[in-house]
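Participant: One structure, as structure tokens, below. Some questions next.
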Amino acid sequence: MITFNRYVTKQKGNVLAKEMLINVAQEEECRIAILDGGKLDELYFERAANLSHVGNIYKGKITNIEPSIQACFVDFGIGQNGFLHISDVQTIFFPKNKKKERVGQKRPRRERPPIQDCLKRGQEIMVQVIKDGIGTKGPTLSTYISIPGRYLVLMPGMNRSGVSRKIEDDESRLKLKTVLKEMTIPEDVGVIVRTAGLGRTKRDLQRDLNYLGRLWKTVDKTSKNEAAPVELYGESDLVIRTIRDVFNADIKKITCDSEATVKQVKSFLRIAVPRSRCRIQHFSGKVPLFTKYKIEEEIANMQARQVSLPSGGSLVIDQTEALVAIDINSGKNRAHTDSDVMAYNNNLEAAEEIARQLRLRDLGGVIVVDFIDMLHEKHRRGVDRKFKELIGKDRARTKVLRISQLGLVEMTRQRMRPSLERSHYGECPNCAGMGKVKTVESMALNVIRRIQTAIGKDRVSSIDVQVAPEVAYYLQNKKRSILYDLEHSKEKVIEIRANIDFLSTQSEIIGQDSRGSVVSRNF
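Residue 86 in numbering that gives the first Met the number 0 sits at position 87 of the sequence shown, and the numbers go up by one each step.
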């Protein structure tokens, strides 16, 4: 069970501020934690053996087109073909259509021609990885290229420019659009102002645009001169990416356990955010950085099914192949005599922790939240508003439906990085990831049924059975009479052997003829 991290960082006037912790003491792994008020709010990690390809731009070759799913597969040089759906194909690839799409306004899928009319097998194409592969599924690709800077995102092949949807204030959006109109933007690209660009001057934005423009020219030139498959652009390492995308004025301190990384961060901030007042310090304590801030405890428990809440309630998080189900329990919380008010307070508290857990665990896909039933409509609306407000702060793309009469909230969330579970845990060889194994009795009965099948074969004169020690003990004691009857009725030999290397669910049954040759195995 997860409990709240009680470590608190105090700033002047006892105001709790945001901190960034960078742990790169082990060269095989980089971990970055964002603390809000002393509590772990976001976690980013990357391993050298499993680097992410998201954001990288490649020149690839189409290996196969599948009209039935309106997609094609692209070899872009990493050993696993990428998946490109028609919805991620720019209109410039459409037949007799060179019209550019506007930023943020893709043509509806129903208006798109069949993919077999847009692309051909063997065609070379520039693509960008938008999602890493999971299991046997290859990476997801897109022809909508985007190159992020500190304040802007450059989108080649798009028309016009826009402002990030995360900036909701109408006045701020209008100011930024006015600044964009005054800037010198190349004709063949579109530009989106990121949230970090809010409040920045025209000079800052133009400088960022000029840098991105030079970068794109290099990518485009390489694409024309190199044969597919080839990498054209690689994203920065995790430290620079996180500071570029996450760092803002709310983060007052960055602590890192590597002097080289501290110098790298200072150098980047000196260029990207020259007026930043964030303190950057090197951590050289005897206790590891994440251990001192009690981050290791939370990381160790991030896969726990149950998450406790301060008031005594809890969350229960279950992940399946198709969706994530989150249930809220009131537990020992009896702080209010009115049951509906108590349910309302529990749900508000749970909403905050759910938003945090979604970010920490990077839960994606379809998510269903079962809030505690509330009788009054005003309470349901209150929880609905609070939950949407908290989810709105997430960097991932989300869509939240209204809370139902049953207290259910359905939502979808974009996965931002490879799953923590897949990165840190392997599938159990005993239960194959199910979390359950057959009992010894069930395994013994299964073995007996297979022995009955084997003993009925004409050429089989003896049967050699290897099972785990506990299953062998059960067969030789509880099922001795059944095995004796099988041997004498069929006049064949059955030998039960315990193999200490076998798991409880493993077994091997070998049928042999009168000469000792193997006739068949694993009936």
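We put the beta carbon where it would ideally sit given N, CA and C, even for glycine. Quick caveat, the model's predicted, so the values are computed rather than measured.
Curious, which full-length beta strand (DSSP E) runs of at least 3 residues does the stretch 104–150 contain?
Facilitator: 123–130, 139–141
Participant: Okay, do the stretch 210–230 and the stretch 191–202 touch, 3+ Cβ pairs below 8 Å being the bar?
Facilitator: no
Participant: With respect to 7 Å, is the separation between the Cβ of R106 and the closest non-hydrogen atom of the ligand MN below this value?
Facilitator: Here there are no bound small molecules, and the ligand MN is not part of this structure.
Participant: In the DSSP assignment, the alpha helix (DSSP H) including A354 goes from what residue to what residue?
Facilitator: Bounds of the alpha helix (DSSP H) holding A354 are 338–360.
Participant: Please check the pair K265 and I279, which I expect to be a contact at CB under 8 Å, by giving their CB distance rounded to whole angstroms.
Facilitator: 6 Å
Participant: Mapping DSSP to helix, strand and coil, what is F3?
Facilitator: Legend: pLDDT at F3 = 41, less than 50; position of this residue unreliable, no value from coordinates given.
Participant: Would L237 pass as a contact of I31 if the rule is Cβ separation under 8 Å?
Facilitator: yes
Participant: Quick check on the DSSP output: what are the complete beta strand (DSSP E) runs of length 3 or more inside the stretch 40–80, in order along the chain?
Facilitator: You should have 56–65, 70–74.
Participant: Measure the alpha-carbon distance for Q505 versus G161 and round it to whole angstroms.
Facilitator: 60 Å
Participant: So, for K331: in the same chain, excluding its five sequence neighbours on each side, which residues have a beta-carbon less than 6 Å away from its beta-carbon?
Facilitator: G311
Participant: Are there three or more Cβ pairs, one per stretch, closer than 8 Å when the stretch 33–42 is compared with the stretch 212–220?
Facilitator: Fewer than three Cβ pairs drawn from the stretch 33–42 and the stretch 212–220 lie within less than 8 Å of each other, which leaves the two stretches out of contact.
Participant: Beta strand (DSSP E) containing D369: first to last residue?
Facilitator: 364–369
Participant: Going along the chain, which unbroken runs of the alpha helix (DSSP H) with 4 or more residues stay wholly within the stretch 219–265?
Facilitator: 237–245
Participant: Please list, in chain order, all residues of the same chain as H52 whose beta carbon is under 8 Å from its beta carbon, the five residues on each side excluded.
Facilitator: Same-chain partners within the cutoff: I77, V128, D131, P138.
Participant: Which value, in whole angstroms, describes the spacing of the CA atoms of A70 and E123?
Facilitator: 15 Å
Participant: Assess contact between the stretch 346–361 and the stretch 392–410, defined as three or more Cβ pairs (one per stretch) separated by less than 8 Å. Is contact present?
Facilitator: The way I'd put it, the stretch 346–361 does touch the stretch 392–410; three or more beta-carbon pairs between them come closer than 8 Å.
Participant: Roughly how many angstroms lie between the CA atoms of I242 and G233, to the nearest whole one?
Facilitator: 17 Å
Participant: Identify whether I279 lies in helix, strand or coil by the three-state DSSP scheme.
Facilitator: strand
Participant: So, with DSSP's three-state summary, where would you put R30?
Facilitator: strand
Participant: Could you tell me the distance, in whole angstroms, from the CA atom of N521 to the CA atom of E494?
Facilitator: 15 Å
Participant: Judging by CA-CA distance, which residue of C117, R380, E186, K136 is the nearest neighbour of I91?
Facilitator: C117
Participant: Using C-beta distances below 6 Å, list every residue in its chain close to L362, excluding the 5 sequence neighbours before and after it, in chain order.
Facilitator: V323
Participant: Could you check what DSSP says for L308 in three-state terms: helix, strand or coil?
Facilitator: coil
Participant: Return the Cβ separation of V459 and Q511 in integer angstroms, given the expectation that the two are a contact with Cβ distance under 8 Å.
Facilitator: 7 Å between Cβ atoms; contact.
Participant: Taking the straight line between their C-alpha atoms, what separation do you get for D463 and S141?
Facilitator: Taking the straight line from one Cα to the other gives about 56 Å.
Participant: Between the C-alpha atoms of R101 and S307, what's the straight-line distance to the nearest angstrom?
Facilitator: Using only the alpha carbons, I get a separation of about 46 Å.
Participant: Apart from the five residues just before and just after K478, which ones in its own chain have a Cβ nearer than 7 Å to its Cβ?
Facilitator: Excluding residues within five positions, the ones whose Cβ falls inside 7 Å are A443, I447.
Participant: Less than 8 Å between the CB atoms is what I'm expecting for L185 and K58, so what's the real figure, rounded?
Facilitator: The sequence given here has Pro at residue 185, not Leu. Actually they are not in contact, since the Cβ atoms of P185 and K58 sit about 21 Å apart, beyond 8 Å.
Participant: How long is the line joining the alpha carbons of I239 and F267, rounded to whole angstroms?
Facilitator: 8 Å
Participant: Could you please give the first and the last residue of the uninterrupted alpha helix (DSSP H) stretch that includes S171?
Facilitator: 169–181
Participant: Give the straight-line distance between the Cα atoms of I33 and Q302, rounded to the nearest whole angstrom.
Facilitator: 19 Å
Participant: On the DSSP letters alone, give me the boundaries of the alpha helix (DSSP H) that V464 sits inside.
Facilitator: V464 -> not in any alpha helix (DSSP H); beta strand (DSSP E) instead, spanning 461–466.
Participant: Residues in its own chain within less than 7 Å of E230 by CB, not counting five upstream and five downstream?
Facilitator: N55, Y57, G76
Participant: Where does K180 land, buried or exposed, given buried means 16+ other C-beta within 10 angstroms?
Facilitator: exposed
Participant: Could you check which residue in D369, E320, G148, R514 has the C-alpha nearest to that of S543?
Facilitator: It is not possible to answer for residue 543, since the shown part of the chain is limited to 0 through 522.
Participant: Quick check: the Cα distance between N345 and H378, rounded to an integer number of angstroms?
Facilitator: 11 Å
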